[in-house]
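So the structure is just underneath, and the comments pick up after that.
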């Protein structure tokens with residue numbers, strides 16, 4: 022083999038390597054290989070879902086997390102609208118629920134105890150005296166088993182053993198993500214148990230539908246189909262009351278800018294330095310009825326929420342302070358995102374007046390959430 026042949030072969034190999042690298046880059050600018058590692062003997066990866074319109078959702082099986090979500094603005098420009106990190110190493114190193122599947126129980130269970138069928142269960146506290154988001158580690162820190170069902174669908178499965186963080190029952194969970202041709206991120210949750218238990222699963226993406234994470238969401242318009250909400254006491258523990266939103270900064274039954282009343286000097290806002298509350302939806306579990314709508318007039322993007330769940334937790338990212346540097350080197354600042362989490366209510370196991378979160382053997386837990394993206398003039 023002469024030197025020209027060797028040079029030609031080397032060039033072809035280099036070209037092929039470049040092609041493989043290019044194919045591993047997502048529309049949102051992520052390198053799939055940056056999410057491929059081994060954690061406690063289990064492999065992590067990045068799964069890319071697309072629809073016929075070019076919408077792209079990237080999900081890692083570490084925590085069942087949506088890492089990026091590309092949707093068009095009114096001019097067709099595709100931008101990433103969720104907070105996240107560009108590598109699996111950063112997700113592993115930084116304790117933050119960006120885009121995660123939360124369980125066994127999103128929200129707090131007060132004083133880390135609840136009683137079910139005359140048995141008192143003591144959970145592992147991770148937020149002072151309380152157990153929040155299923156304890157530590159919760160489902161957001163687990164490696165899920167992944168099966169890509171189609172180019173637009175992903176199934177994640179997780180087994181949570183009896184006694185994990187104090188919760189009873191061997192729990193088998195499945196979550197199916199589908200990117201529909203109606204520009205929806207459609208999420209189905211299913212679970213079964215072999216002992217009576219409690220369960221409350223949800224999705225925890227931090228959205229800024231403007232696509233610009235150097236700006237706050239305070240100028241975005243929010244509608245919530247809810248006449249009631251569940252207030253806190255001075256320690257951010259739900260009181261068990263269900264109060265009307267009328268005449269308060271929590272009334273979004275007609276659209277308001279998120280920032281319009283967020284700084285009012287009222288106890289409920291002062292406790293969490295903004296919104297971080299559960300609204301009691303009027304939809305009665307009907308996932309064909311609109312639960313909430315978010316609109317960014319600058320980009321023209323809109324996001325609608327539909328769900329079978331009775332509640333919607335709205336969190337305006339009051340705790341972000343610029344310490345978390347994510348994709349594209351952006352330091353996420355206060356209120357540069359909003360979470361719209363479909364769920365049952367915080368501390369329901371200890372509040373019999375709230376909708377029940379009990380799951381029994383032979384029953385199947387089911388929850389459905391749809392984030393539908395569109396544009397407005």
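Residue numbers (this note's numbering): 22 to 398.
We put the CB at the ideal spot given by N, CA and C, even for glycine.
Keep in mind it's a predicted model, so treat the numbers as computed, not measured.
Could you check whether the Cβ of residue i sits closer than 6 Å to any heavy atom belonging to the ligand GTP?
i          : result
residue 49 : Although the ligand GTP was asked about, the structure shown includes no ligands whatsoever.
Between the alpha carbons of residue i and residue j, how many angstroms are there, rounded?
i           : j           : result
residue 55  : residue 68  : 12 Å
residue 326 : residue 115 : 28 Å
residue 109 : residue 163 : 13 Å
residue 380 : residue 184 : 15 Å
residue 74  : residue 173 : 11 Å
residue 49  : residue 197 : 21 Å
residue 43  : residue 220 : With a pLDDT of 49 at residue 43, under the threshold of 50, the modelled position of that residue is not reliable, and the figure given next carries that caveat. Distance between the alpha carbons of residue 43 and residue 220 is about 41 Å.
residue 101 : residue 289 : 32 Å
residue 444 : residue 314 : As shown, the chain starts at 22 and ends at 398. That puts residue 444 outside it, with no answer to give.
residue 272 : residue 105 : 30 Å
residue 129 : residue 148 : 8 Å
residue 374 : residue 263 : 9 Å
residue 284 : residue 339 : 11 Å
residue 321 : residue 111 : 32 Å
residue 282 : residue 270 : 6 Å
residue 308 : residue 392 : 11 Å
residue 398 : residue 382 : 50 Å
residue 107 : residue 187 : 33 Å
residue 276 : residue 251 : 20 Å
Helix, strand or coil for residue i? Go by DSSP, reduced to three states.
i           : result
residue 109 : helix
residue 50  : coil
residue 403 : With the chain covering only 22 through 398, there is no way to say anything about residue 403.
residue 358 : coil
residue 131 : helix
residue 226 : coil
residue 349 : helix
residue 101 : strand
residue 187 : helix
residue 369 : helix
residue 344 : coil
residue 19  : The structure shown has nothing for residue 19, since the chain only spans 22 to 398.
residue 43  : Legend: pLDDT at residue 43 = 49, less than 50; position of this residue unreliable, value from coordinates given subsequently. Of the three classes helix, strand and coil, the one that applies to residue 43 here is helix, per DSSP.
In its own chain, which residues sit with a C-beta less than 7 Å from the C-beta of residue i, not counting the 5 before and 5 after it?
i           : result
residue 146 : 133, 152
residue 240 : 278, 280
residue 332 : 299, 300, 301, 302, 364, 365, 366
residue 58  : 65, 109
residue 229 : 102, 238, 357, 358
residue 207 : 199, 201, 391
Who are the Cβ neighbours of residue i in its own chain at under 6 Å, not counting the five residues just before and after it?
i           : result
residue 394 : 92, 204, 324
residue 165 : 82, 85, 177, 179
residue 195 : 178, 211
residue 371 : 131, 135
residue 294 : 339
residue 336 : 297, 360
residue 306 : 329
So, for residue i: in the same chain, excluding its five sequence neighbours on each side, which residues have a beta-carbon less than 8 Å away from its beta-carbon?
i          : result
residue 47 : 53, 67, 69, 77, 79, 89
Would you give the residue range spanned by the beta strand (DSSP E) that residue i belongs to?
i           : result
residue 8   : Residue 8 lies beyond the stretch modelled for the chain, which goes from 22 to 398, so this question has no answer here.
residue 164 : Premise fails: residue 164 is in no beta strand (DSSP E) and is neither H nor E.
residue 338 : From DSSP, residue 338 is part of no beta strand (DSSP E); its letter is neither H nor E.
residue 394 : 386 to 396
residue 141 : 140 to 143
residue 68  : 67 to 71
residue 123 : 121 to 123
residue 249 : 247 to 251
residue 260 : Taken as a continuous stretch (DSSP letters only), residue 260 belongs to no beta strand (DSSP E), as it is neither H nor E.
residue 77  : 77 to 81
> Unbroken beta strand (DSSP E) runs of length 3 or more, entirely within the region 265 to 333: which are they?
Replying inline: 297 to 302, 313 to 316, 322 to 328
>> I'd like the ranges of any beta strand (DSSP E) spanning at least 3 consecutive residues and lying wholly in the region 194 to 244.
In response: 205 to 214, 223 to 225
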